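Asker:
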Amino acid sequence: MLKINSYSNNDYKYTAISAVIKPLFLSISLLLTISDVYGLSGTTAKVINGTEPYLLLPDGVTEVTKDNIDTLLDDWFTIYIPDPTDKNQRIKLTRDLADKGIYELAKNTKLSEIQAIVEADNQPHTVTTDFKVGDVDGDADNPVNTSVSAEIQACWINELNPLGCEKFLQYQTVDDCTGPYNLTLKFGTPFAARTKYGIPNSRAYGVNDYSVTYKFLVDNKRICWLQPFSMDYFHSDNVGEEITIREGYYRRFWDWRGKINPDEDHSVGEYMTKQRGWLRKYDGVYGDKFPTTGFKGARFSILASGYDQSIYRCSSEDDGIKIKLSNDIPRTFRNELLRLKYDAVGQNCTVTYLSRTKAQFMAGGKAPSIRIEQKKPDGEWWQVDRLYLEAPQKWALGSAQVLEYGDNNNLMYAKNFPALDICRGVSSGTTTRDQAVGQSESDKQFRQKFMYRRDEITNSPYSDRNKAPEFSSVTLPEDSYFVRDVDHTFMGEWGRLEVYPDSPWFYSDNYHEGLYLTPELWSPERGYSVGGSGNVLYYNKGILVCRGD
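First residue of the sequence shown? That's 0 in numbering that gives the first Met the number 0, and the numbers climb one at a time after it.
In structure tokens form, the structure reads like this:
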């Protein structure tokens with residue numbers, strides 16, 4: 000009910016006038032009170048029709064609409080990057096250029112040198128604006144009673160290591176192997192015009208979920224990883240005291256950065272699919288690292304800079320002779336169907352050894368080399384790097400045929416030794432008992448000339464001849480696995496040998512669980528052998544790893 004003040008000199012009675020006009024003003028009140036919106040004047044409070052406030056351009060007259068709001072966002076979503084040819088200069092990238100492709104940064108550029116309107120810490124930051132607020136109710140007449148809610152947040156993501164927005168990535172120097180580096184800017188809170196009073200007192204504009212992502216790579220493409228077909232390794236607390244042993248790989252050489260969640264405890268082998276394999280460049284220098292060993296059917300993939308390998312192709316003069324180039328991808332531990340996008344390789348960038356012997360591999364006095372090229376946006380191919388393989392320090396020969404080391408499971412009663420006969424290339428029954436099981440140093444050295452020792456096949460703790468000497472009958476734990484390392488051991492470098500389809504040990508038809516014979520003896524009755532996971536056992540039955548140096 001509205002109140003009307005009466006004046007005493009007119010002899011009007013308040014109650015009488017109120018009674019007369021009450022029905023009339025009640026009707027008017029119901030018409031006016033469409034929404035409970037209150038506008039404040041200096042002295043009175045009245046019920047008024049409410050409308051949403053709205054944004055005005057800095058001129059204070061033109062209202063912001065769907066047609067012109069896009070142009071208003073440019074300042075907030077524009078970034079500046081160092082010129083790759085002159086880091087003292089800046090290049091302006093507006094949001095309409097964000098989806099035009101991947102932009103290149105100079106080597107050693109810090110992500111902090113890329114300037115956005117807010118810090119890239121994934122936190123909302125208030126940004127200043129020249130917009131004004133209007134309201135037909137008069138709520139916006141005093142600018143003190145208005146505000147524009149505008150908060151932007153930005154973050155960096157490395158696509159090759161997709162752990163989500165990484166707060167501290169902004170402080171890193173770009174790596175010429177990883178990336179693309181994605182800088183995403185978006186609204187942290189609804190973008191709105193607000194008034195201090197009135198209901199409704201805000202209007203959110205339809206850009207709250209708007210975001211812009213810029214992509215960057217380093218302008219220095221090269222070979223970054225060599226990924227063996229077997230990416231298996233074993234994460235276990237039982238294989239040794241050193242942290243590198245427990246993780247199952249040595250970080251100096253093995254690219255460990257692709258874990259699903261580095262803070263999560265993983266069981267054996269479950270998360271290796273996201274890792275890249277052997278670093279071609281380690282500790283800042285190039286070297287003659289992986290591979291230092293070889294065998295027929297050895298296979299690895301060449302991975303170059305960046306997440307997307309489809310822009311690369313490989314070729315070699317030795318293709319079809321010493322090696323075969325293909326599009327095959329590495330084997331995923333336990334389940335070959337678990338494939339992620341970045342497991343893909345470039346065109347013909349998987350290398351498989353065709354040579355059976357080291358002499359064939361080194362024919363002409365040199366090992367094979369592989370050229371890798373990148374496809375440019377104009378469709379032209381140009382060479383970015385070349386991989387020169389080196390002479391293997393060890394070359395293995397073998398067979399998937401399961402053999403007895405001796406013709407009796409108790410070697411004390413064996414008379415023939417087929418394993419040594421085959422590795423020596425002599426007729427059956429040629430190897431003598433002393434040559435096969437003799438305990439003298441000369442006997443040990445004789446058989447090691449034809450078969451690889453356990454510490455040349457695996458690098459698990461009990462391959463150490465000091466920890467587990469011959470004829471010691473030492474207790475052998477079954478969970479002592481190989482560790483990924485470039486250490487001239489076959490399993491350290493290549494992983495599980497029996498999974499390589501073209502290798503002598505592939506178990507497609509004759510499954511043998513990857514049990515490899517060695518020329519070393521655990522006791523007078525039994526010999527040392529190596530399991531498929533690199534664990535040292537004592538069995539007299541298995542497959543051969545003959546010395547082919």
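Even for Gly, the Cβ is constructed at its ideal location relative to N, Cα and C.
None of these values were measured; they are calculated from a predicted model.
Roughly how far, in whole angstroms, is the beta-carbon of residue 227 from the beta-carbon of residue 493, given that I think they are within contact range, below 8 Å?
Answerer: Walking along the sequence shown from the start, residue 227 turns up at place 228. Walking along the sequence shown from the start, residue 493 turns up at place 494. Indeed, because the Cβ distance is near 5 Å, the residues count as touching under 8 Å.
Asker: Who pairs with residue 82 in a beta bridge, going by DSSP?
Answerer: Residue 82 sits at position 83 when you count from the first residue of the sequence shown. Bridge partners of residue 82: 85.
Asker: Where do the ends of the alpha helix (DSSP H) carrying residue 310 lie?
Answerer: What you label residue 310 is simply residue 311 of the sequence shown in a count that begins at 1. Residue 310 -> no alpha helix (DSSP H), and no H or E assigned at all.
Asker: I need the boundaries of the beta strand (DSSP E) containing residue 417, first residue and last residue.
Answerer: Translated into positions along the sequence shown, residue 417 becomes position 418. Here residue 417 belongs to no beta strand (DSSP E); instead the alpha helix (DSSP H) covers 417-423.
Asker: Going by Cα to Cα distance, which pick from 419, 451 and 96 is closest to residue 436?
Answerer: For the purposes of this step, residue 436 is identified with residue 437 of the sequence shown, where counting begins at 1. Taking only the C-alpha atoms, the option nearest residue 436 is 419.
Asker: For the beta strand (DSSP E) containing residue 211, name the first residue and the last one.
Answerer: Taking the first residue of the sequence shown as 1, we reach residue 211 at position 212. Its beta strand (DSSP E) spans residues 210-217.
Asker: How many Å lie between residue 553 and residue 111 at the Cα?
Answerer: Because the chain in this structure spans residues 0 to 548, residue 553 falls outside the shown range and cannot be described.
Asker: Grab the span of the beta strand (DSSP E) containing residue 201 for me, first residue to last.
Answerer: Taking the sequence shown and counting its residues from 1, the one referred to as residue 201 is at position 202. Where residue 201 is concerned, the enclosing beta strand (DSSP E) stretches over 201-203.
Asker: If distances are taken between C-alpha atoms only, which option among 366, 253, 375 and 310 comes closest to residue 347?
Answerer: Position 348 of the sequence shown, counted from the first residue, corresponds to residue 347. Residue 347 has its Cα closest to that of 310, out of 366, 253, 375 and 310.
Asker: Using a 10 Å radius around the Cβ and a threshold of 16 neighbouring Cβ atoms, would you call residue 145 buried or exposed?
Answerer: Taking the first residue of the sequence shown as position 1, residue 145 is located at position 146. Result: buried.
Asker: How about residue 55 and residue 61: do their beta carbons lie closer than 8 Å?
Answerer: Residue 55 sits at position 56 when you count from the first residue of the sequence shown. Residue 61 sits at position 62 when you count from the first residue of the sequence shown. Yes. Within cutoff.
Asker: Quick check on DSSP: helix, strand or coil for residue 441?
Answerer: Translated into the one-based positions of the sequence shown, residue 441 becomes position 442. Here residue 441 sits in helix by DSSP.
Asker: Strictly by DSSP, which residues pair up with residue 104?
Answerer: For the purposes of this step, residue 104 is identified with residue 105 of the sequence shown, where counting begins at 1. Residue 104 is bridged to 217.
Asker: For residue 332 and residue 489, what's the separation of their Cα atoms in angstroms?
Answerer: Residue numbering aside, residue 332 sits at position 333 when the sequence shown is read from its first letter. Residue numbering aside, residue 489 sits at position 490 when the sequence shown is read from its first letter. Its pLDDT being 40, under 50, residue 332 is placed unreliably by the model, and nothing is read from it.
Asker: To the nearest angstrom, report how far apart residue 468 and residue 453 are at their CA atoms.
Answerer: On the sequence shown, position 469 is the one that residue 468 refers to. On the sequence shown, position 454 is the one that residue 453 refers to. Looking at the two C-alpha atoms, the distance is approximately 11 Å.
Asker: Using a Cβ-Cβ cut-off of 6 Å (strictly less than) and excluding sequence neighbours within five positions of residue 563, which residues of its own chain qualify?
Answerer: Since the first residue of the chain shown is 0 and the last is 548, residue 563 is not available in this structure.
Asker: Can you grab the Cα-Cα spacing for the pair residue 520 / residue 320, in whole Å?
Answerer: Counting from one through the sequence shown, the residue named residue 520 turns up at place 521. Counting from one through the sequence shown, the residue named residue 320 turns up at place 321. Approximately 39 Å, taken between the alpha carbons.
Asker: Among the residues of its own chain, which have a CB less than 6 Å from the CB of residue 504, if the five just before and after it don't count?
Answerer: Locating residue 504 in the sequence shown gives position 505, counting from the first residue. Closer than 6 Å at Cβ, skipping near neighbours: 397, 399, 496, 497 and 542.
Asker: Give the DSSP-derived three-state secondary structure of residue 36 in the structure shown.
Answerer: If you number the sequence shown from 1, residue 36 lands on position 37. Because the pLDDT of residue 36 is 38, which lies under 50, any placement of that residue in the model is unreliable, and the question is left without a value.
Asker: Rounded to the nearest angstrom, what separates residue 276 and residue 130 at their Cα positions?
Answerer: Taking the first residue of the sequence shown as 1, we reach residue 276 at position 277. Taking the first residue of the sequence shown as 1, we reach residue 130 at position 131. Their Cα atoms are separated by approximately 53 Å.
Asker: Classify residue 334 as helix, strand or coil using the three-state DSSP reduction.
Answerer: Residue numbering aside, residue 334 sits at position 335 when the sequence shown is read from its first letter. Any answer about residue 334 is weak, because its pLDDT of 39 lies below 50 and its placement is not dependable; what the coordinates show is given next. Residue 334: coil per DSSP, three-state reduction.
Asker: Tell me the DSSP bridge mates of residue 124?
Answerer: As a position in the sequence shown, residue 124 is number 125, starting the count at 1. Per DSSP, 151.
Asker: Tell me whether the beta-carbon of residue 350 lies closer than 8 Å to the beta-carbon of residue 299.
Answerer: Locating residue 350 in the sequence shown gives position 351, where the first residue counts as 1. Locating residue 299 in the sequence shown gives position 300, where the first residue counts as 1. Yes.
Asker: Flag this pair as yes or no: are the beta carbons of residue 103 and residue 83 separated by less than 8 Å?
Answerer: For this step, residue 103 is matched to residue 104 along the sequence shown. For this step, residue 83 is matched to residue 84 along the sequence shown. It is a contact, given that the beta carbons lie within the stated cut-off.
Asker: Please report how far the alpha carbon of residue 264 lies from the alpha carbon of residue 233, in whole angstroms.
Answerer: As a first step, residue 264 must be located in the sequence shown, where it is residue number 265. As a first step, residue 233 must be located in the sequence shown, where it is residue number 234. Caution is warranted here: a pLDDT of 37 is assigned to residue 264, below 50, making its placement in the model unreliable, and no coordinate value can be reported.
Asker: Just checking my contact of residue 372 with residue 382 at CB under 8 Å: how many whole Å lie between their CB atoms?
Answerer: If you number the sequence shown from 1, residue 372 lands on position 373. If you number the sequence shown from 1, residue 382 lands on position 383. Indeed they touch by this definition, with Cβ atoms about 5 Å apart.
Asker: Distance, Cα to Cα, residue 180 vs residue 231?
Answerer: For the purposes of this step, residue 180 is taken as the residue at position 181 of the sequence shown. For the purposes of this step, residue 231 is taken as the residue at position 232 of the sequence shown. Taking the straight line from one Cα to the other gives about 28 Å.
Asker: Leaving aside the five residues before and after residue 91 along the sequence, list all residues of the same chain whose C-beta is less than 6 Å from its C-beta, in chain order.
Answerer: For the purposes of this step, residue 91 is identified with residue 92 of the sequence shown, where counting begins at 1. Closer than 6 Å at the Cβ level, and outside the excluded window around residue 91, lie 79.
Asker: Would the beta-carbon of residue 403 fall within 8 Å of that of residue 539?
Answerer: To locate residue 403, count along the sequence shown from 1; it is residue 404. To locate residue 539, count along the sequence shown from 1; it is residue 540. It is a contact, given that the beta carbons lie within the stated cut-off.
Asker: Among 249, 138, 152 and 169, which has the Cα closest to the Cα of residue 195?
Answerer: In the sequence shown, counting from the first residue as 1, residue 195 sits at position 196. Checked all of 249, 138, 152 and 169; the closest Cα to residue 195 is 138.
Asker: Can you give the Cα-Cα distance for residue 486 and residue 405, rounded to whole angstroms?
Answerer: In the sequence shown, the residue the question calls residue 486 occupies position 487. In the sequence shown, the residue the question calls residue 405 occupies position 406. Using only the alpha carbons, I get a separation of about 31 Å.
Asker: In the DSSP assignment, the beta strand (DSSP E) including residue 74 goes from what residue to what residue?
Answerer: Locating residue 74 in the sequence shown gives position 75, where the first residue counts as 1. Careful: residue 74 lies outside any beta strand (DSSP E), inside the alpha helix (DSSP H) at 73-76.
Asker: DSSP state of residue 192, grouped into three classes?
Answerer: Residue 192 sits at position 193 when you count from the first residue of the sequence shown. Residue state, collapsed to three classes: strand.
Asker: If I measure Cβ to Cβ from residue 361 and keep anything under 8 Å in the same chain, skipping five residues before and after, which residues do I get?
Answerer: Here residue 361 is taken as the residue at index 362 of the sequence shown, counted from 1. For residue 361, where only same-chain residues beyond five positions count, the Cβ hits under 8 Å are 390.
Asker: Kindly indicate the opening and closing residues of the beta strand (DSSP E) around residue 491.
Answerer: Walking along the sequence shown from the start, residue 491 turns up at place 492. Looking at the DSSP string, residue 491 is not in any beta strand (DSSP E); the run it does join, the alpha helix (DSSP H), is 489-493.
Asker: From the DSSP secondary-structure annotation, give me the bridge partner or partners of residue 227.
Answerer: Position 228 of the sequence shown, counted from the first residue, corresponds to residue 227. Answer is 299.
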